[in-house]
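Participant: Residue numbers for the sequence shown follow the numbering used here, so the first one is 35 and each next one is one higher.
Below is a structure I'd like to ask you about.
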Amino acid sequence: MPGFRIATHPGVLQNALVHSKSDLVVFRLFDFLHRRTPWHRRLWTIGTVLSLQEVVEYSRIRRESRTPADGLVYVCKAAKREVAHDPAAAAYIGEITAVLDRGDQMSADDENRLMHLSARVDERYLEVWAGAIELPDSPPVERTARSIASHLLDKGFSSDHLYRWLDAARHRPEVSHSDLIREGHEMCETTRSRRYDVLVPCFVPGIPTKLPPAVAWLSAELAAARIQEIVGDAKKPRHAGAFVVSVNERDPWAAVDAAGHLMARVAARVQVGRPGPDTVRTSGVAFVIGNNRTFRLDPPRRQLDIHSLYRQEKLFAVDPDDFPQLDDALELAAYLETGSPGAAVTGGWAAIEGLLMYPGERGHVIAADRLAAIVACSVGRAELTPLAHTHADMATDELATQLKALPAEASNYQRVLLAENFVRDGGVLVSASASDKAAFDRVAGIVSEPHAVLERVRTYVQDSLRRLYNQRNLVMHGGSFRSCALGATLRTTPPLVGAGLDRVVHAQLRRYETHTALELSARAHAELDLLKGAGAGRVVDLLGR
35 MPGFRIATHP GVLQNALVHS KSDLVVFRLF DFLHRRTPWH RRLWTIGTVL SLQEVVEYSR
95 IRRESRTPAD GLVYVCKAAK REVAHDPAAA AYIGEITAVL DRGDQMSADD ENRLMHLSAR
155 VDERYLEVWA GAIELPDSPP VERTARSIAS HLLDKGFSSD HLYRWLDAAR HRPEVSHSDL
215 IREGHEMCET TRSRRYDVLV PCFVPGIPTK LPPAVAWLSA ELAAARIQEI VGDAKKPRHA
275 GAFVVSVNER DPWAAVDAAG HLMARVAARV QVGRPGPDTV RTSGVAFVIG NNRTFRLDPP
335 RRQLDIHSLY RQEKLFAVDP DDFPQLDDAL ELAAYLETGS PGAAVTGGWA AIEGLLMYPG
395 ERGHVIAADR LAAIVACSVG RAELTPLAHT HADMATDELA TQLKALPAEA SNYQRVLLAE
455 NFVRDGGVLV SASASDKAAF DRVAGIVSEP HAVLERVRTY VQDSLRRLYN QRNLVMHGGS
515 FRSCALGATL RTTPPLVGAG LDRVVHAQLR RYETHTALEL SARAHAELDL LKGAGAGRVV
575 DLLGR
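Here it is as structure tokens:
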């Protein structure tokens, strides 16, 4: 692929930076599709097509259950904003906008019309984007990569499958970046959902009986024989039998994820339906019949990372009299990490609401906006941290000398402050990868136009957190786990919640200038507003040291 100069890992370059805009788009896709990408480089949004479908879903729920209109009005506004900047929706923007402008007055006929329009956008979505990135005035790198990645993930492909597909492109140098995106369109058209039979070795109490048609049980002997057929002489897991789960998915990794979610529901049933120590334990791997790969079967890992607990040596400092509200919130937030979808959205939202609502306050969605302000004020420092470390390791200029001269006990704040001042003076931080180069471009934008850029960040985070609130309402008040946006919500929101709670933990546990979550949010809102004028502070100072 023209412009791809890859060393040991996609995105790590040999002695040169990637300057091509198209190259940066592709390597941002790597960021968005990798499971362990840090929160500030992850994908925070859903795609345009799913956002229109989300509007229809909320409108139908409102008409049928007479729920408050706030959620519908907000998703209409968010969808309208995305459509306005999406080239793939340009041909239909007038018709789509006319429906979205109806807001909570949307009729059943409007809903059907919007569903049809979303299907029209979907038809050639990636084809249009393939042409758009070839234009001299193509959309910005971040918007382009975000739109492509979210569309593919919303279509039901797993991030593992998409990452491997993208990685394989480096072995085909004749394929251009626009060709690659067109290939993604072809993949959407030809790789339809199909049946996969996933074999899950496990230990269960007793012998499972009266199973549904999509699930079969194999004894230990039969399971061992089937695994032998699949992997041959490769190492095999211990087990007492295996479930064979039939699922309809786009790719094998998505099938294994679906089987894992089903096994988690089975384990929950056994735990409440068979009192005692008995439980269902998987062997940690799964096999797709017809595929000789051994797949890891991990519990859902949604990257709710709150590193301040470790950094401040407070992981085990559980004291009922020391910040009890914070401890309660962390316990509830933990469901976002590994809980079932219903437990994740309800527990995650309860944690946010418990920390960021005043007693007796109405309009609970405001808690999402308060956390969004905290996250927006965190992103600059989060972006600068790895860039400063890389510059210290790779550069030989004055900044690198200053960074290396910092004492071992120096705080991260001292490091990122030096880096921000360097960027403010026109310096360019050395990049080890295209991902770093794109991150530096984002940092430079924040430093030069802090109010405009961080307002956009706040809007994206607010959209994601409000979606969590709406999904919680669908689960709690509608008893439904079938929302079109539930999976995307659990893909995008937990890392943002973790980033916000991490700042709250840091603010409450530091030795000076401690703040409650509500005090920290008030500071964040004030500092974001001050960015408009002469009172603007440094990016790394917005939430304090």
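Yeah, the Cβ is synthetic: ideal placement off N, Cα and C, and Gly gets one too.
Just list the residues that DSSP pairs residue 236 with in beta bridges.
Facilitator: Against the sequence shown, residue 236 aligns to sequence position 202. In the DSSP output, where bridge partners are listed per residue, residue 236 has 316.
Participant: Is the separation between the beta-carbon of residue 386 and that of residue 502 shorter than 9 Å?
Facilitator: Walking along the sequence shown from the start, residue 386 turns up at place 352. Walking along the sequence shown from the start, residue 502 turns up at place 468. Contact flag set, yes.
Participant: Give the straight-line distance between the Cα atoms of residue 125 and residue 439, rounded to the nearest whole angstrom.
Facilitator: Locating residue 125 in the sequence shown gives position 91, where the first residue counts as 1. Locating residue 439 in the sequence shown gives position 405, where the first residue counts as 1. C-alpha separation (whole angstroms): 56 Å.
Participant: So, at 8 Å on beta carbons, what are the nonlocal neighbours of residue 175 in its own chain, with the 5 sequence-adjacent residues on each side left out?
Facilitator: For the purposes of this step, residue 175 is identified with residue 141 of the sequence shown, where counting begins at 1. Around residue 175: 55, 58, 59, 62, 472 and 475.
Participant: Among 575, 208 and 191, whose alpha-carbon lies nearest the alpha-carbon of residue 224?
Facilitator: By one-based count along the sequence shown, residue 224 stands at place 190. If we check each option's Cα against that of residue 224, 191 comes out closest.
Participant: Going by DSSP, name the residue or residues bridged to residue 321.
Facilitator: Within the sequence shown, numbered from 1, the residue matching residue 321 stands at position 287. Bridge partners of residue 321: 233 and 328.
Participant: If you draw a straight line from the alpha carbon of residue 116 to that of residue 484, how long is it in whole angstroms?
Facilitator: Taking the first residue of the sequence shown as position 1, residue 116 is located at position 82. Taking the first residue of the sequence shown as position 1, residue 484 is located at position 450. Looking at the two C-alpha atoms, the distance is approximately 22 Å.
Participant: Output needed for residue 43: all residues of its chain with C-beta closer than 7 Å, excluding positions within five of it in sequence on either side, in chain order.
Facilitator: As a first step, residue 43 is located in the sequence shown; it is residue number 9 there, counting from the start. Residue placement at residue 43 is flagged as unreliable, the pLDDT there being 38, under the threshold of 50; a coordinate-derived value is accordingly withheld.
Participant: Taking the Cβ atom as the reference point for each residue, do residue 154 and residue 219 lie within a distance shorter than 9 Å?
Facilitator: Within the sequence shown, residue 154 is the residue found at index 120, counting from 1. Within the sequence shown, residue 219 is the residue found at index 185, counting from 1. It is not a contact, given that the beta carbons lie outside the stated cut-off.
Participant: Considering only residues of the same chain and omitting the five flanking positions on each side of residue 416, which have a CB-CB separation below 6 Å?
Facilitator: Counted from its first residue, the sequence shown places residue 416 at position 382. Within the same chain, residue 416 has close Cβ partners 74.
Participant: Taking residue 515 as the reference, which of 553, 424, 295 and 332 has the closest Cα?
Facilitator: In the sequence shown, counting from the first residue as 1, residue 515 sits at position 481. Among 553, 424, 295 and 332, the Cα nearest to that of residue 515 is on 295.
Participant: Candidates 407, 434, 344 and 275: which alpha carbon is nearest residue 488's?
Facilitator: Working through the sequence shown from its first residue, we reach residue 488 at position 454. The residue with the shortest Cα to Cα distance from residue 488 is 407.
Participant: Terminal residues of the continuous alpha helix (DSSP H) containing residue 280?
Facilitator: In the sequence shown, residue 280 corresponds to position 246, counting from 1. Note, residue 280: premise wrong, no alpha helix (DSSP H); beta strand (DSSP E) at 276-283.
Participant: Indicate the three-state DSSP secondary structure (helix, strand or coil) for residue 166 in the structure shown.
Facilitator: Taking the first residue of the sequence shown as position 1, residue 166 is located at position 132. Residue 166: helix per DSSP, three-state reduction.
Participant: Exposed or buried, which one is residue 337 when buried takes at least 16 other CB atoms within 10 Å?
Facilitator: In the sequence shown, residue 337 corresponds to position 303, counting from 1. Answer is buried; the Cβ neighbour count reaches 16.
Participant: Taking 9 Å as the threshold (C-beta atoms), are residue 453 and residue 418 in contact?
Facilitator: Mapped onto the sequence shown, residue 418 falls at position 384. Mapped onto the sequence shown, residue 453 falls at position 419. Their beta carbons are under 9 Å apart, which means residue 418 touches residue 453 by this criterion.
Participant: By the 10 Å Cβ neighbour count, where 16 or more other Cβ atoms means buried, how is residue 169 classified, buried or exposed?
Facilitator: If you number the sequence shown from 1, residue 169 lands on position 135. By the 10 Å Cβ count, residue 169 comes out exposed.
Participant: Give the DSSP-derived three-state secondary structure of residue 78 in the structure shown.
Facilitator: Here residue 78 corresponds to residue number 44 of the sequence shown, with the count starting at 1. Looking at residue 78 - three-state DSSP - the assignment turns out to be coil, as it is neither helix nor strand.
Participant: Looking at residue 80 and residue 522, is the spacing between their C-beta atoms short of 9 Å?
Facilitator: Taking the sequence shown and counting its residues from 1, the one referred to as residue 522 is at position 488. Taking the sequence shown and counting its residues from 1, the one referred to as residue 80 is at position 46. A contact, by the Cβ cut-off of 9 Å.
Participant: Between the C-alpha atoms of residue 445 and residue 544, what's the straight-line distance to the nearest angstrom?
Facilitator: Counting from 1 along the sequence shown, the entry for residue 445 is found at position 411. Counting from 1 along the sequence shown, the entry for residue 544 is found at position 510. So the two alpha carbons sit approximately 12 Å from each other.
Participant: Taking the C-alpha atoms as reference points, what is the distance between residue 69 and residue 184?
Facilitator: Start at 1 with the first residue of the sequence shown, and residue 69 comes out as number 35. Start at 1 with the first residue of the sequence shown, and residue 184 comes out as number 150. If you take the alpha carbons of residue 69 and residue 184, they lie about 14 Å apart.
Participant: In this structure, does DSSP put residue 466 in helix, strand or coil?
Facilitator: Here the question's residue 466 lines up with position 432 in the sequence shown. Residue 466: coil per DSSP, three-state reduction.
Participant: So, for residue 45: in the same chain, excluding its five sequence neighbours on each side, which residues have a beta-carbon less than 7 Å away from its beta-carbon?
Facilitator: The sequence position of residue 45 within the sequence shown is 11, counting from 1. A caution first: residue 45 carries a pLDDT of 39, below 50, which makes its placement in the model too unreliable to give a value.
Participant: Buried or exposed: which applies to residue 494, given that a residue is buried once 16 or more other Cβ atoms fall within 10 Å of its Cβ?
Facilitator: In the sequence shown, the residue the question calls residue 494 occupies position 460. When all chains shown are included, residue 494 counts as buried.
Participant: So, helix, strand or coil for residue 252, using DSSP?
Facilitator: For the purposes of this step, residue 252 is taken as the residue at position 218 of the sequence shown. DSSP places residue 252 in strand when its eight states are reduced to three.
Participant: DSSP three-state label for residue 228, please.
Facilitator: Against the sequence shown, residue 228 aligns to sequence position 194. Three-state DSSP puts residue 228 in a strand.
Participant: In angstroms, rounded to a whole number, what distance separates the CA positions of residue 570 and residue 561?
Facilitator: In the sequence shown, the residue the question calls residue 570 occupies position 536. In the sequence shown, the residue the question calls residue 561 occupies position 527. If I take the Cα positions, the gap works out to 7 Å.
Participant: Any idea what DSSP makes of residue 191, helix, strand or coil?
Facilitator: Residue numbering aside, residue 191 sits at position 157 when the sequence shown is read from its first letter. Here residue 191 sits in coil by DSSP.
Participant: Which residues in the same chain have their Cβ closer than 6 Å to the Cβ of residue 579, if we skip the five residues on either side of it in sequence?
Facilitator: Counting from one through the sequence shown, the residue named residue 579 turns up at place 545. Answer for residue 579: 447, listed in chain order.
Participant: In whole angstroms, what separates the C-alpha of residue 99 from that of residue 566?
Facilitator: For the purposes of this step, residue 99 is identified with residue 65 of the sequence shown, where counting begins at 1. For the purposes of this step, residue 566 is identified with residue 532 of the sequence shown, where counting begins at 1. Near 42 Å, if we compare the C-alpha coordinates of residue 566 and residue 99.
Participant: Just to confirm my understanding: we take residue 346, look at its own chain, exclude 5 residues before and 5 after, and list those with CB closer than 6 Å. What are they?
Facilitator: Along the sequence shown, read from residue 1 onward, the residue named residue 346 stands at position 312. Cβ neighbours of residue 346 beyond the five flanking positions: 543.
Participant: Would you kindly work out how many angstroms separate the C-alpha atoms of residue 574 and residue 477, rounded to a whole number?
Facilitator: For the purposes of this step, residue 574 is taken as the residue at position 540 of the sequence shown. For the purposes of this step, residue 477 is taken as the residue at position 443 of the sequence shown. Cα to Cα, the separation comes out at about 11 Å.
Participant: Do you know whose CA, among 182, 89 and 120, lies nearest residue 142's CA?
Facilitator: As a working note, residue 142 is residue 108 in the sequence shown. The candidate whose alpha carbon is nearest that of residue 142 is 89.
Participant: So, is residue 424 buried or exposed, given that buried needs 16 or more other C-beta atoms within 10 angstroms?
Facilitator: Position 390 of the sequence shown, counting from 1, holds the residue named residue 424. Buried, since its Cβ has 16 or more Cβ neighbours within 10 Å.
Participant: Using 10 angstroms around the beta-carbon of residue 253, count the other beta-carbons present and answer buried if the total reaches 16, otherwise exposed.
Facilitator: Counting from one through the sequence shown, the residue named residue 253 turns up at place 219. Residue 253 is exposed by the Cβ-count criterion.
Participant: Would residue 306 be called buried (16 or more neighbouring beta carbons within 10 Å of its own) or exposed?
Facilitator: Looking up residue 306 in the sequence shown gives position 272. Counting Cβ neighbours within 10 Å, residue 306 comes out exposed, since fewer than 16 surround it.
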